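Residue numbers (our numbering): 858 to 1221.
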Ligand code: AOF
Ligand code: ZN
């Protein structure tokens, strides 16, 4: 017999489809199972956060929602937004039972959705697959509770941890399959971030070029403390097509205006003692802009800054079967021993072979 946890895992799989699309909102999955045990509605949050997952699933279920059980990956909302609260829609549809994975930390919800359902006489089972839901919603939770996005770092290196050869040629260290996986990672994030060094070395496009997923390109963010971004680089030239944000410490001036004129959004962050961007302040600004899932593609300086500020939640490391040698550029720059000793250990959660490369996924 299908268990509650099986249905919840289906709902979580649906929710994950919305990663990268639904920010500033979480992606919520909902499965409606009729009295006779059939799945009559499936939904997840739409682009930009609307419609909510429950709205989609209830619409599909129609009259069959009467007496059903709804499996929802996050507590249904209790506030009046652009539409009535999902908790009210579930009550109106006549469901018998709600199985909810985890409560919503948004102060407009925070337990009120569960309360509404219970008061209406609906049986509520809270906490099914809670750990998995915590991970699936981590971007949204980080934004609301931690005032920063979920931060994932992707590194593509040689076996000896070098991301570029002696002349800084970094683009093709790993094979085509790893690069495609990297593009899939882009599609499941709200924004992708690189440092100015990477832009000057590679002039990248930072879009998602997988067939069928071209419209899943995330926002592109460049960390550029002194505004060295050339006005004729690919990112600036395409800024009106794919949003491009520049994080800097500069407050104005010709370059600032020039970038804004080309459609780039320039945001001024606090500077640290060395004049570098204050990472915590920058992440709070990004969370404030609604970013829940941020993918950092480095390079060496950005990776090191993230490690120094203890800001890495997940790490994907792709390694090609090549040795570049000590002349190459290390994945992490400026890692002095004090920083290394302070760094928390990562745990390996998954690994595999991809083409001729090895990939590993770590969590803090
Ligand atoms: C749900 N189902 O699919 C999502 C929820 O701006 P609004 O009105 O769309 O509300 C956003 C809030 O709703 C968001 O902060 C979070 O608390 C909740 N998200 N809730 O019932 C959904 N995406
Ligand atoms: Zn809702």
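Every residue, glycine too, gets a C-beta built ideally from N, C-alpha and C. For clarity, every value in this text was computed on a predicted model and none was experimentally measured.
Review point. Who are the Cβ neighbours of residue 1120 in its own chain at under 6 Å, not counting the five residues just before and after it?
Key: Against the chain shown, residue 1120 aligns to sequence position 263. For residue 1120, where only same-chain residues beyond five positions count, the Cβ hits under 6 Å are 1096 and 1097.
Check your understanding: Going by the C-beta, is residue 1114 closer than 8 Å to any heavy atom of ligand 2?
Key -> The residue you call residue 1114 lines up with position 257 of the chain shown. Checking the Cβ of residue 1114 against ligand 2 gives no.
Review point. Mind pulling the alpha helix (DSSP H) runs of 4 or more residues that sit fully within the region 972–1033?
Key: 987–993 and 995–998
Check your understanding: Could you check where the alpha helix (DSSP H) with residue 873 kicks off and where it finishes?
Key -> Looking up residue 873 in the chain shown gives position 16. First-last of the alpha helix (DSSP H) with residue 873: 861–874.
**Study point:** residue 1159 CB to nearest heavy atom of ligand 1 below 8 Å
**Key:** On the chain shown, residue 1159 is found 302 positions in, with the first residue counted as 1. Flag unset: Cβ of residue 1159 not near ligand 1.
**Study point:** Residue ranges of each beta strand (DSSP E) within the region 1042–1093, 3 or longer
**Key:** 1048–1052 and 1076–1080
Exercise for review: Grab me the residues of residue 1138's own chain with a C-beta within less than 7 Å of its C-beta, minus the 5 sequence neighbours each way, in chain order.
Suggested key: By one-based count along the chain shown, residue 1138 stands at place 281. Around residue 1138: 1126 and 1127.
Exercise for review: Whole angstroms is fine: what's the gap from residue 803's alpha carbon to residue 1202's?
Suggested key: Past the boundaries of the shown model lies residue 803; the chain is included only from 858 to 1221, so the question cannot be answered.
Review point. What do you get for residue 1041, buried or exposed, if any count of 16 or more other CB atoms within 10 angstroms of its CB means buried?
Key: Looking up residue 1041 in the chain shown gives position 184. Its Cβ having fewer than 16 others within 10 Å, residue 1041 is exposed.
Point to revise | Of the listed residues 1106, 1200 and 915, nearest to residue 951 (C-alpha basis) | key: Along the chain shown, read from residue 1 onward, the residue named residue 951 stands at position 94. Residue 915 is the option with its Cα nearest to residue 951.
Check your understanding: Where does residue 901 fall in DSSP's three states?
Key -> To locate residue 901, count along the chain shown from 1; it is residue 44. Reduced to three states, the DSSP call for residue 901 is strand.
**Study point:** Given 8 Å, three or more beta-carbon pairs between the region 964–975 and the region 1002–1013
**Key:** no
Check your understanding: Mind checking residue 1049: buried by the 16 CB within 10 Å criterion, or exposed?
Key -> For this step, residue 1049 is matched to residue 192 along the chain shown. When all chains shown are included, residue 1049 counts as buried.
Point to revise | Under 9 Å between C-beta atoms of residue 1087 and residue 1047 | key: Counted from its first residue, the chain shown places residue 1087 at position 230. Counted from its first residue, the chain shown places residue 1047 at position 190. No. Outside cutoff.
Exercise for review: Express the C-alpha separation of residue 1115 and residue 1090 in angstroms, rounding to a whole number.
Suggested key: Numbered from its first residue, the chain shown carries residue 1090 at position 233. Numbered from its first residue, the chain shown carries residue 1115 at position 258. Cα to Cα, the separation comes out at about 13 Å.
Check your understanding: In its own chain, which residues sit with a C-beta less than 6 Å from the C-beta of residue 823, not counting the 5 before and 5 after it?
Key -> The shown model of the chain, from 858 to 1221, leaves out residue 823, and the question about it has no answer.
Practice item. Would you list the residues whose beta-carbon is nearer than 5 Å to any heavy atom of ligand 2, in the order they occur in the chain? Key: 909, 934 and 943
Review point. How big is the Cα-Cα spacing for residue 1022 and residue 1170?
Key: Numbered from 1 along the chain shown, position 165 holds the residue referred to as residue 1022. Numbered from 1 along the chain shown, position 313 holds the residue referred to as residue 1170. In a straight line, the C-alpha of residue 1022 is about 28 Å away from that of residue 1170.
Practice item. To the nearest angstrom, report how far apart residue 859 and residue 1145 are at their CA atoms. Key: For the purposes of this step, residue 859 is taken as residue 2 along the chain shown, with counting starting at 1. For the purposes of this step, residue 1145 is taken as residue 288 along the chain shown, with counting starting at 1. Going by the C-alpha atoms only, they are around 41 Å apart.
Check your understanding: Taking the C-alpha atoms as reference points, what is the distance between residue 1133 and residue 994?
Key -> Your numbering for residue 1133 matches position 276 in the chain shown. Your numbering for residue 994 matches position 137 in the chain shown. Cα to Cα, the separation comes out at about 31 Å.
Point to revise | Residue ranges of each alpha helix (DSSP H) within the region 1091–1130, 4 or longer | key: 1091–1094 and 1111–1118
Practice item. Could you have a look at residue 1038 and say whether DSSP puts it in helix, strand or coil? Key: Translated into positions along the chain shown, residue 1038 becomes position 181. Of the three classes helix, strand and coil, the one that applies to residue 1038 here is helix, per DSSP.
Check your understanding: For the putative contact between residue 867 and residue 956, defined by C-beta atoms under 8 Å, what is the C-beta separation to the nearest angstrom?
Key -> By 1-based counting over the chain shown, the position of residue 867 is 10. By 1-based counting over the chain shown, the position of residue 956 is 99. Not a contact, Cβ separation roughly 12 Å.
Review point. Measuring from the CB of residue 961, is there a heavy atom of ligand 1 at a distance below 8 Å?
Key: As a first step, residue 961 must be located in the chain shown, where it is residue number 104. Checking every heavy atom of ligand 1 against the Cβ of residue 961, one is found closer than 8 Å.
Point to revise | Span separating the alpha-carbon of residue 1099 from that of residue 1074 | key: As a working mapping, residue 1099 is identified with position 242 in the chain shown. As a working mapping, residue 1074 is identified with position 217 in the chain shown. Near 7 Å, if we compare the C-alpha coordinates of residue 1074 and residue 1099.
Practice item. Measure the CB-CB distance between residue 1154 and residue 1051 and report whether it falls below 9 Å. Key: By 1-based counting over the chain shown, the position of residue 1154 is 297. By 1-based counting over the chain shown, the position of residue 1051 is 194. Their beta carbons are under 9 Å apart, which means residue 1154 touches residue 1051 by this criterion.
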